[in-house]
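Residue 8 is where the sequence shown starts when you use the working numbering, and the numbers rise one by one after that. Just so it is clear, CB atoms sit at the ideal spot from N, CA and C, and this is done for glycine as well.
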Amino acid sequence: MRTELLKTDTEGIEQAAATLRRGGLVAFPTETVYGLGADARRDSAVLEIFRVKGRPADNPLIVHVRNNVEAGQIGRFDALTLKLAEHFWPGPMTLVLPLRQGAGLSRHVLAGHPTVAIRVPSHSVARALLEAFDGPVAAPSANLSSRISPTRTCHVVRDLGGAIPALLDGGDCQLGIESTILAASTDELTMLRPGAVTAEEILQVTGIRPRMTGSPDAPGSPGQLPLHYAPASRLRLRATDTEADEISVGFGPDCGDKDMNLSLTGDLNEAAANLYAALSTADEMAKSKAAGIAVSPIPDTGLGRAINDRLRRGTGNNG
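Structure (structure tokens):
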């Protein structure tokens, strides 16, 4: 198969929407990472996502929709989740909601769960595609399962080039780290995956600090598998030194001597935006030398929690 690289103009968007209508897969940019989209109502299209990615069948997918009204046609909001949706959508937050009867989604999207993960993206290209397609789009990250998430077109081509019909070339993703995934029950919030919306921001809006949890054995949402977001090379975290056979990834002004730096100024937003691209580059350098990757310590506060979550899962340790 030849993967067609589409421009993000009106013609390219319509071509991508037509591919989705035919049951094909389309990679497209969001504000977080590139997604691999399929018609969320069509079994064969959703199953193709799992096949192309090599994704475990028990790992549910996020459904992308245009607005809160469409989200409410698929999932059932309560007062707390509605407040979150009204404040953070469109944006990098995914809400896990009870599935509404008659939602019309493929059962494979849910992976056996009575809930559905929903997001309203803010990226202009993603929104234009959803508008042109006029339906829900199931979209995990556009990479091989467990590997580094794609934030650039070249990352998608690296993993899925020749395996999918189309790729919308939207340039680099702005935030560079996946959405925060939340579930709610009465007056409690559970963060199933830390992401671009921090616990502090959620506390400010709701008055509730979400608790952290997740089950890698039977994931109730995406992003909970113990090995995820991983380079092919071995990864060593919180490294204060670098061994002779390692590519070094630093953070902050004291790491100017590293092979690359997520943020010389110690800015966690910049570090998140650079994380996957830096890991991808370091992985290529390490593979050419049969070497590993050493990542400097990153503060485990604010957005740093999401960065450290991805790095821990990149080693196969979700603890």
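So what does DSSP say about S270, is it helix, strand or coil? For the purposes of this step, residue 270 is taken as residue 263 along the sequence shown, with counting starting at 1. Residue state, collapsed to three classes: coil.
Please name the residue or residues paired with D46 in a DSSP beta bridge. As a position in the sequence shown, residue 46 is number 39, starting the count at 1. As computed with DSSP, D46 is found in a beta bridge with V144.
Considering only the alpha carbon of each residue, which of G257, A64, G168 and T17 lies closest to T272? Against the sequence shown, residue 272 aligns to sequence position 265. Checking every option, the nearest Cα to that of T272 belongs to G257.
Less than 9 Å separating the beta-carbons of T193 and A313? Working through the sequence shown from its first residue, we reach residue 193 at position 186. Working through the sequence shown from its first residue, we reach residue 313 at position 306. No, these two residues do not count as a Cβ contact at 9 Å.
Please say whether T88 and L189 have beta carbons closer to each other than 9 Å? Residue mapping note: residue 189 aligns to position 182 of the sequence shown, counting from 1. Residue mapping note: residue 88 aligns to position 81 of the sequence shown, counting from 1. Closer than 9 Å, so yes.
Do I184 and G321 have their CB atoms nearer than 9 Å? For the purposes of this step, residue 184 is identified with residue 177 of the sequence shown, where counting begins at 1. For the purposes of this step, residue 321 is identified with residue 314 of the sequence shown, where counting begins at 1. Going by C-beta atoms, I184 is not nearer than 9 Å to G321.
Who are the near neighbours of A225 in its chain, counting only those whose CB is closer than 6 Å to its CB and skipping five residues on each side? Residue 225 sits at position 218 when you count from the first residue of the sequence shown. For A225, the predicted model reports a pLDDT of 45, less than 50, meaning its position is unreliable; a value from the coordinates is still stated below. Nothing listed; no residue qualifies.
Taking only heavy atoms of the ligand FAD into account, decide whether any of them is closer than 8 Å to the Cβ of G257. The ligand FAD is absent from the structure shown, which contains no ligands of any kind.
For S186, name the three-state secondary structure that DSSP assigns. The count along the sequence shown starts at 1 and reaches residue 186 at position 179. DSSP places S186 in coil when its eight states are reduced to three.
Quick check on the burial criterion: 16 or more other C-beta atoms within 10 angstroms. Buried or exposed for M100? Locating residue 100 in the sequence shown gives position 93, counting from the first residue. It is buried - the Cβ of M100 has at least 16 other Cβ atoms within 10 Å.
Grab me the residues of C262's own chain with a C-beta within less than 7 Å of its C-beta, minus the 5 sequence neighbours each way, in chain order. Position 255 of the sequence shown, counting from 1, holds the residue named residue 262. Taken in chain order, the residues that qualify are N268 and S303.
Would you mind working out which of A34, S240 and Y236 sits nearest L167, comparing C-alpha positions? What you label residue 167 is simply residue 160 of the sequence shown in a count that begins at 1. Among A34, S240 and Y236, the Cα nearest to that of L167 is on A34.
Per DSSP, what kind of secondary structure is D224 in: helix, strand or coil? Your numbering for residue 224 matches position 217 in the sequence shown. Reliability of the predicted coordinates at D224 is poor, the pLDDT of 45 falling under 50, and the value obtained from them is presented with this limitation in mind. In the structure shown, D224 sits in coil (DSSP, three-state: anything other than H, G, I, E or B).
Any idea what DSSP makes of E38, helix, strand or coil? Position 31 of the sequence shown holds residue 38. Coil, per DSSP.
Go ahead and label S131 buried or exposed: buried means 16 or more other beta carbons lie within 10 angstroms of its beta carbon, across all protein chains shown. Taking the first residue of the sequence shown as position 1, residue 131 is located at position 124. If you draw a 10 Å sphere on the C-beta of S131, you find fewer than 16 other C-beta atoms in it, and that means exposed.
Identify which residue in I300, G19 and G44 has its Cα closest to the Cα of N150. Your numbering for residue 150 matches position 143 in the sequence shown. Among I300, G19 and G44, the Cα nearest to that of N150 is on G44.
Nearest-angstrom Cα distance between V127 and A251? On the sequence shown, position 120 is the one that residue 127 refers to. On the sequence shown, position 244 is the one that residue 251 refers to. The straight-line gap separating the alpha-carbon atoms of V127 and A251 is approximately 45 Å.
Give the single residue among D46, H120 and R48 whose Cα lies nearest to the Cα of R106. Stepping through the sequence shown from its first residue, residue 106 is reached at position 99. According to the sequence as given, residue 106 is Leu; it is not Arg. The residue with the shortest Cα to Cα distance from L106 is H120.
V123 - containing beta strand (DSSP E), residue span: Position 116 of the sequence shown, counting from 1, holds the residue named residue 123. T122 to R126 is the extent of the beta strand (DSSP E) around V123.
Cα-Cα separation between D16 and D179, rounded to whole angstroms: Position 9 of the sequence shown, counted from the start, is the residue given in the question as residue 16. Position 172 of the sequence shown, counted from the start, is the residue given in the question as residue 179. Those two C-alpha atoms are separated by around 16 Å.
Relative to the C-alpha of I254, which residue among F140, D248, R29 and A293 is closest? Mapped onto the sequence shown, residue 254 falls at position 247. I254 has its Cα closest to that of A293, out of F140, D248, R29 and A293.
Mind listing, in chain order, the continuous alpha helix (DSSP H) runs of no fewer than 4 residues lying wholly within the segment 85-125? 86-95 and 114-117
Return the residue from the list L242, R28, Q211 and Q80 that minimises the CA-CA distance to G323. Within the sequence shown, numbered from 1, the residue matching residue 323 stands at position 316. Checked all of L242, R28, Q211 and Q80; the closest Cα to G323 is L242.
May I ask which residues mark the beginning and end of the beta strand (DSSP E) holding G31? Within the sequence shown, numbered from 1, the residue matching residue 31 stands at position 24. Run containing G31: none; DSSP gives neither H nor E here.
Rounded to the nearest angstrom, what separates D307 and N315 at their Cα positions? For the purposes of this step, residue 307 is taken as the residue at position 300 of the sequence shown. For the purposes of this step, residue 315 is taken as the residue at position 308 of the sequence shown. Between D307 and N315, the C-alpha separation is close to 7 Å.
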